[in-house]
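What follows is a single structure, written as structure tokens, with notes after it.
There are 2 protein chains.
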Amino acid sequence: MMTLSKQKETARANLENLYRIFTVPEAPDSTLGSIDQAISDNVADFLQTHIVAVERQLEEIEADFSNPVIPEEPTFVSEYTEFVKEKLVAQSVHTAAPGFIGHMTSALPYFMLPLSRIMTALNQNLVKVETSKAFTPMERQVLAMLHRLVYNGGEDFYKTWIHESRHALGAFCSGGTIANVTALWVARNRLFAPGDDFPGIAKVGLARSLEYLGCKGLAVLVSRRGHYSLGKAVDLLGIGRDNLVMIETDASNRLDMAHLQQECKRLQAENIRPLAIVGIAGTTETGNVDPLEAMADYTWEIGSHFHVDAAWGGPTLFSDQYRHLLAGIEQADSVTLDAHKQLYAPMGAGIVLFKDPTAQSAIEHHAAYILREGSKDLGSHTLEGSRPGKSMLVHAGLSIIGRKGYELLIDMGIERARKFADMVRQHSEFELTSEPELNILTYRYCPAPIPQALALATTEQRCQINGLLDQVNRLIQKAQREYGKSFVSRTRLRVPPTSEKMVTVMRVVLANPLTTDEILAAVLEEQTEIVMHPETQAMMDEVLAICAGILPESTSASAG
Amino acid sequence: MMTLSKQKETARANLENLYRIFTVPEAPDSTLGSIDQAISDNVADFLQTHIVAVERQLEEIEADFSNPVIPEEPTFVSEYTEFVKEKLVAQSVHTAAPGFIGHMTSALPYFMLPLSRIMTALNQNLVKVETSKAFTPMERQVLAMLHRLVYNGGEDFYKTWIHESRHALGAFCSGGTIANVTALWVARNRLFAPGDDFPGIAKVGLARSLEYLGCKGLAVLVSRRGHYSLGKAVDLLGIGRDNLVMIETDASNRLDMAHLQQECKRLQAENIRPLAIVGIAGTTETGNVDPLEAMADYTWEIGSHFHVDAAWGGPTLFSDQYRHLLAGIEQADSVTLDAHKQLYAPMGAGIVLFKDPTAQSAIEHHAAYILREGSKDLGSHTLEGSRPGKSMLVHAGLSIIGRKGYELLIDMGIERARKFADMVRQHSEFELTSEPELNILTYRYCPAPIPQALALATTEQRCQINGLLDQVNRLIQKAQREYGKSFVSRTRLRVPPTSEKMVTVMRVVLANPLTTDEILAAVLEEQTEIVMHPETQAMMDEVLAICAGILPESTSASAG
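Quick note, the sequences are listed as chains A and B, same order.
Its first residue numbered 0, the first sequence is counted upward by one per residue in numbering that gives the first Met the number 0.
Its first residue numbered 0, the second sequence is counted upward by one per residue in numbering that gives the first Met the number 0.
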């Protein structure tokens, strides 16, 4: 057993160590110091060197993270950093790689890293002015800049509202999901606003509010390309997923207006109120834009809330050439943007904007020790409470890159997507499954003469062929990811969009300015090589055998 | 007008500049490079040097952030960095200062900054394995570690659940608000789970679910010290703020069990179902802990969901000496923790834990391109979608600081709060308005002989005196903040907690290990100096005049 004096000595040593981590910076030549320096010097190099390309099995990685016991004793920073380097960094995903074109994460501009560190070091809390001071007006300015990008209000409008204490032009959120939830929350609470004989939904809840309005339920309508966050939103808000009404899309993955109107009429006949119609500006899977103008007009006509989910496509507004694709967005009651997508900020920055600067009063809240009435605290209008100063990085992007810089990025992405679509179209082994409207497209491995055979096949044959192709495409995507040179994602889509059945397709998102045509060519090249593996080759042989039974002899022979 | 070749030249130059920000790191001797270096070298120094102590008026600061126009042209990083340094950093709040004891933000351990940079550089997205790989098992491990801290499950339990693909032991969130919302969302959806003849609330919504259960509404019960995020949660979930039932507290700001039981009975008689009872482990304003054991027993008895909001006090579980204060938390169905509070992670890291690892199935969701069924994607059980790898910083804290290190931090905070309470009690000019149970306390400027006079005063006199003292305390807090040497917050509390009226008090949170007794003494000292200002002195004279009319002559004379 330890003697008392020994115990005291240990306690003093522990205390000193503890003070050290709060007061003594990491030495530049320490393990952490040198990693830090390496990232400062050249982050691209650091990522390239430290992330292991070839994928390990997840189960193997899990073995390094399987102890549920919090260590009793402290660990040296250097020792922990070695662990991070070898077990975490090495086995993470190189999202900034120019060949990582499968998801919506791109390389970051260099300045984002040191500015992020300033943000972390300042550790401001945007919930109130007292813990964020200049960050509050800064965030309000960013909201105004983005509001103007979308709504183009006049000089006087922004002069009046930008720093108006009781209101806000929108809200910063941790991401697009919270932005969408906030938009629909505001819409719901405005529909059931307090009145002379009604205290409002915020007080009495949804059931009594429906009773008050004498309707059976609420509905939110969105095309079947809508983001899954809308499902969470209607669940959370008590509306129910059955009342998230999925509208058919046309051949370009855009919402079908006739079906929208038909569904709204059906709902009204069933005494279910269309709370909101959601337009998409850049569908997650195919990058298409709904007919926003027509939707805005119709939503106005039926007195519903028009929300536009522009998490992906919003920044297209920077482009003189392509802005028109989003025409109608300026009529939306609310708009979601994601700064960690095409504003090139690090992960964790969503934004919701409201056309009417008083809209968020519907979800206003106060507390005695914080968010006092009349204060300029942003926290009185946000779903989240304590929040970091991420808006600083959006402020930096808008200032440093400028409107024209973002325009270049957007234009480059759209043009590269068109080029890649051409490459796919011209390649005899691939089939383009959705035309790029913005900078996202899908395709699948489906070599000639399979498309011809599919056109002539019976339902059963089509089902067989597509089933096998689905497996092949899944294996291609998985193997390519595991090899680690490049990455496309995969999803399931109706091909063509008007058909009944879904097939597995590969999905490409072209937002990284460092992605070159050569990389894109190499992606397709590697995919054709993967198909050579015996497993996939056997499946392809099976497909071609079915096709041979469908096609006239001359055509099918050419595929042999 | 520009000629075509000139235009092309400009376009090429713009493109080159754009590539540069993605490919060329900031030079070490650039403005941003040198700030970055300064923060690396010594963040405390950097903050001390660059944040201006004396506060500028918010209106003045707003002038620097009032242009709603996104700049057309790019700005040099150096120029922008100068702006950030002078206009944003200089006018931010020094939340890490040892004299900043008014809110729940403390100094950060040094290692958090370089590790945050690694996190930002990797830019992982935790929504799915494909964009986060090793970060997914790492986050699952952190959830298991914290789950074990609270629930102390056995070895087999964690072996089974830690990496179980269809479930999760909890969820990382952007903060405590989303954690609380998630907990109540799960509680609501479990109450109305799908059954043989009922598709579940997630599908059919709240109104039909209430009908199905044959009850008029739901209620959430919490003491009147509950956090304002619960108000947002019941609003969002469609329950309504009227059904957030505020329970009286005892003299120690702890929930009154008798009143809780009474209110539950009232609700049941009104056919309103108590959905959840929320216990607080560390009230935001006074740092008290509800009688969690008694609450757990009672909640079990009535078949309700027991949630504990331990956003502040949860880490008290690290302390052998003080852990017992939270006894009963292990019976909670769900628990909220905030890593950006007493786990010393940077802003933006909340956690919700569920005792039952299958609980979150109630809010499960899938999508074709992401979160496929059977995958280990964490995004299928979180309210948020795309999320940064903040859990890495919690993993680092738990590993580097260790259980014993956190214990020291917790013990120091509680002991310092007791010491400060003694200082306030012994000071003739201050009145302690809440005893510290953890590391938070409140007090107000209320010099002798005012307390004696208040005890003898009529209701009207008490109202007058407290009204004046409220103003004085408000002015003290505001002036001290503006001088910038130290910062306490203020709130309104019932003093004593059983009284009807609220008074303004100063609130102190002692979590920064660098706060010394000398700093605390100086805080009180400066406050007494502020009262010397003519404006406050005039108010105090008025108070003393009223007191003179109440007290026997000998007592009041001594205050002259």
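Glycine residues also receive a C-beta, built at the ideal position from the N, C-alpha and C atoms.
Return the first residue and the last residue of the beta strand (DSSP E) that residue i is part of.
| i | result |
| --- | --- |
| residue 432/B | 429 to 433 |
| residue 306/B | 304 to 308 |
| residue 337/A | 333 to 337 |
| residue 222/B | 216 to 222 |
| residue 562/A | For chain A, the structure presents residues 0 to 559; residue 562/A sits outside this window and is missing. |
| residue 489/A | 488 to 493 |
Contact defined as beta carbons within less than 8 Å: I believe residue i pairs with residue j. What is the distance between those atoms, to the nearest angstrom?
| i | j | result |
| --- | --- | --- |
| residue 617/B | residue 330/B | Outside the modelled stretch of chain B, which goes from 0 to 559, sits residue 617/B, for which no answer is possible. |
| residue 563/B | residue 175/B | Nothing can be reported for residue 563/B, as the shown portion of chain B is limited to 0 through 559. |
| residue 347/B | residue 126/B | Actually they do not touch by this definition, with Cβ atoms about 16 Å apart. |
| residue 124/A | residue 385/A | 5 Å |
| residue 116/A | residue 112/B | 6 Å |
| residue 514/B | residue 415/B | 7 Å |
| residue 108/A | residue 343/A | 6 Å |
| residue 487/A | residue 506/A | 6 Å |
| residue 328/A | residue 351/A | The Cβ separation is near 13 Å, so there is no contact. |
Is residue i buried or exposed, if buried means 16 or more other CB atoms sit within 10 Å of its CB?
| i | result |
| --- | --- |
| residue 195/A | exposed |
| residue 101/A | buried |
| residue 476/B | buried |
| residue 430/B | buried |
| residue 489/B | buried |
| residue 504/A | buried |
| residue 284/B | buried |
| residue 151/B | exposed |
| residue 557/B | Annotation note: pLDDT 45 at residue 557/B (below 50); position unreliable, coordinate value reported separately. Answer is exposed; the Cβ neighbour count stays below 16. |
Locate the alpha helix (DSSP H) running through residue i, then write down its first and last residues.
| i | result |
| --- | --- |
| residue 159/B | 154 to 160 |
| residue 448/A | From DSSP, residue 448/A is part of no alpha helix (DSSP H); its letter is neither H nor E. |
| residue 419/B | 390 to 425 |
| residue 65/B | Per DSSP, residue 65/B belongs to no alpha helix (DSSP H) and is neither H nor E. |
| residue 259/B | 256 to 268 |
| residue 228/A | 228 to 235 |
Between residue i and the rest of its own chain, which residues show a CB-CB distance below 6 Å, the 5 nearest in sequence each way excluded?
| i | result |
| --- | --- |
| residue 94/B | 104 |
| residue 166/A | 356, 357 |
| residue 27/B | none |
| residue 121/A | none |
| residue 60/B | 90 |
So what's residue i in DSSP terms, helix, strand or just coil?
| i | result |
| --- | --- |
| residue 164/A | coil |
| residue 314/A | helix |
| residue 557/A | Below a pLDDT of 50, predicted positions are generally treated as unreliable, and residue 557/A, at 45, falls in that range; no measurement from the model is reported. |
| residue 48/A | helix |
| residue 462/B | helix |
| residue 455/B | helix |
| residue 501/A | strand |
| residue 192/B | coil |
| residue 19/A | helix |
| residue 6/B | helix |
| residue 545/B | helix |
| residue 92/A | coil |
| residue 350/B | strand |
| residue 82/B | helix |
| residue 118/A | helix |
| residue 245/A | strand |
Taking 8 Å as the limit between beta carbons, can you name the residues of its chain near residue i, skipping five residues before and five after?
| i | result |
| --- | --- |
| residue 462/B | 500 |
| residue 253/B | 222, 287, 288, 289, 290 |
| residue 202/A | 193 |
| residue 235/A | 180 |
Tell me which residues share the same chain as residue i and place their Cβ nearer than 7 Å to its Cβ, disregarding the 5 neighbours each side in the sequence.
| i | result |
| --- | --- |
| residue 207/B | none |
| residue 190/B | 274 |
| residue 555/B | The pLDDT assigned to residue 555/B is 48, lower than 50, so where the model puts this residue is not dependable; a value taken from the coordinates is nonetheless given after this. Closer than 7 Å at the Cβ level, and outside the excluded window around residue 555/B, lie 448, 546, 547. |
| residue 50/A | 88, 89, 91, 93 |
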